[in-house]
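Chains as they are written, first to last, in our numbering: chain H, 1 to 204; chain U, 205 to 408.
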């Protein structure tokens with residue numbers, strides 16, 4: 001391969017190949033695009049990549065991502081957010097999905113992952129103590145445990161539920177509904193989803 | 205959206221969204237990866253993106269991509285390459301695919317695209333005069349027209365064939381064989397490919 005491509009282009013392909021889910025063919029396409037684009041586009045992308053660490057930080061209360069010059073997440077600090085209702089999510093980007101519904105006026109708490117013994121992630125690596133503090137301080141009334149519908153997400157939800165009960169905290173806890181997604185035909189729904197949809201059926 | 209994400213992260217998502225075929229979800233995933241990676245990884249990717257223009261140039265004979273400090277493409281200049289056999293390709297990256305076969309010991313000529321009236325690309329934008337010069341100078345005996353199997357690639361092949369004949373140049377010209385790709389069942393092959401496979405059938 002070293003004879004085939006200029007060194008700088010090969011380096012660029014290697015670098016882009018680090019991005020999640022990007023194989024060598026995709027990295028080649030990206031690199032070729034960047035080779036043909038204007039220098040100002042490359043410079044702009046390069047500086048965005050270099051600067052993201054220093055310009056983004058984590059909200060000390062919700063662990064959402066915020067600007068480096070902000071003190072708290074606006075989704076927590078702003079007056080229209082109900083601090084007594086907290087949605088617990090795994091990752092910061094999960095907040096975007098929930099906000100896009102436009103339905104939720106509570107606040108968020110990012111755990112920073114899910115319990116996964118295989119990956120060596122135990123409850124002690126997640127922002128659970130901070131959640132307990134927050135429940136007490138903000139007199140939280142309801143916790144929506146919005147972890148993913150994966151094995152790890154379910155384990156984390158179960159763990160949290162037990163942990164909070166064991167801590168003697170009386171609070172309403174809920175989990176997002178599971179069922180058939182909008183636009184999916186019954187025949188294409190998998191068995192487990194269908195079981196959940198049956199269990200969670202609603203009287204008309 | 206502006207309330208949802210830190211400014212620098214949003215900028216990074218926008219920048220990454222310029223890459224070909226990258227939608228907003230994919231750009232978010234890439235940006236989140238870059239947010240969590242080490243600074244040296246970001247810096248290394250950023251410099252590869254910034255520097256690719258200045259460190260890569262085009263071979264003045266073959267129009268392949270070469271290092272800025274090279275004079276000619278090694279795939280042309282090296283003594284084991286047969287300069288009388290030229291494969292004509294649309295884009296520089298097509299060379300990699302042909303080289304990967306390990307079967308071709310000729311040289312390459314990159315046209316820099318294909319004729320596409322819709323995109324405003326006519327023959328005058330392609331490196332055709334340079335190809336004619338080269339055929340004469342290097343006494344080229346055979347031209348493999350390896351443009352893509354698309355409408356544009358076919359038109360370009362037909363145009364080249366006629367152009368070279370009209371210029372009074374006597375030379376063997378061929379086109380890559382079309383047929384059923386290895387590992388594909390007959391029932392899944394499309395009609396046009398199958399027609400080509402029939403036409404191009406080989407006596408056993």
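Just so it is clear, CB atoms sit at the ideal spot from N, CA and C, and this is done for glycine as well.
Cβ shell of residue i (< 7 angstroms), same chain only, five flanking positions each side left out
i, result
"residue 363 of chain U", "319 and 327"
"residue 149 of chain H", "178"
"residue 234 of chain U", "220"
"residue 394 of chain U", "none"
Contacts of residue i in chain H (Cβ-Cβ under 7 angstroms)
i, result
"residue 260 of chain U", "6, 8, 9 and 35"
"residue 216 of chain U", "48, 49 and 52"
Interface flag, residue i vs chain U, CB-CB below 7 angstroms
i, result
"residue 29 of chain H", "yes"
"residue 20 of chain H", "yes"
"residue 67 of chain H", "yes"
"residue 169 of chain H", "no"
Within 7 angstroms, strictly: CB atoms of residue i and residue j
i, j, result
"residue 46 of chain H", "residue 253 of chain U", "yes"
"residue 52 of chain H", "residue 65 of chain H", "no"
"residue 62 of chain H", "residue 73 of chain H", "yes"
"residue 309 of chain U", "residue 342 of chain U", "no"
"residue 144 of chain H", "residue 157 of chain H", "no"
"residue 305 of chain U", "residue 280 of chain U", "no"
"residue 213 of chain U", "residue 96 of chain H", "no"
"residue 331 of chain U", "residue 316 of chain U", "yes"
"residue 6 of chain H", "residue 271 of chain U", "yes"
"residue 180 of chain H", "residue 197 of chain H", "yes"
Sequence-distant residues of the same chain with beta carbon closer than 8 angstroms to residue i, five excluded per side
i, result
"residue 246 of chain U", "238"
"residue 169 of chain H", "132, 135 and 136"
"residue 205 of chain U", "Here residue 205 of chain U scores only 40 on pLDDT, less than 50, and its place in the model should not be relied on; the value that follows carries that caveat. Excluding residues within five positions, the ones whose Cβ falls inside 8 angstroms are 214."
Residue i at chain H interface by Cβ criterion, 7 angstroms
i, result
"residue 275 of chain U", "no"
"residue 289 of chain U", "no"
"residue 243 of chain U", "yes"
Contact set between residue i and chain H, taken where Cβ atoms lie within less than 8 angstroms
i, result
"residue 248 of chain U", "15"
"residue 236 of chain U", "91, 92 and 93"
Proximal chain H residues relative to residue i, where beta-carbon distance stays under 9 angstroms
i, result
"residue 313 of chain U", "The contacting residues do not exist; residue 313 of chain U stays about 16 angstroms from chain H at best."
Neighbourhood of residue i by C-beta distance below 6 angstroms, restricted to the same chain and skipping five residues each side
i, result
"residue 313 of chain U", "266, 290, 292 and 335"
"residue 142 of chain H", "85 and 172"
"residue 217 of chain U", "231, 232 and 235"
message: Any C-beta of chain H within less than 9 angstroms: which residues of the segment 330-353 of chain U qualify?
response: none
task: For the segment 300-329 of chain U, enumerate the residues whose C-beta is nearer than 7 angstroms to any C-beta of chain H, in chain order.
output: 300 and 303
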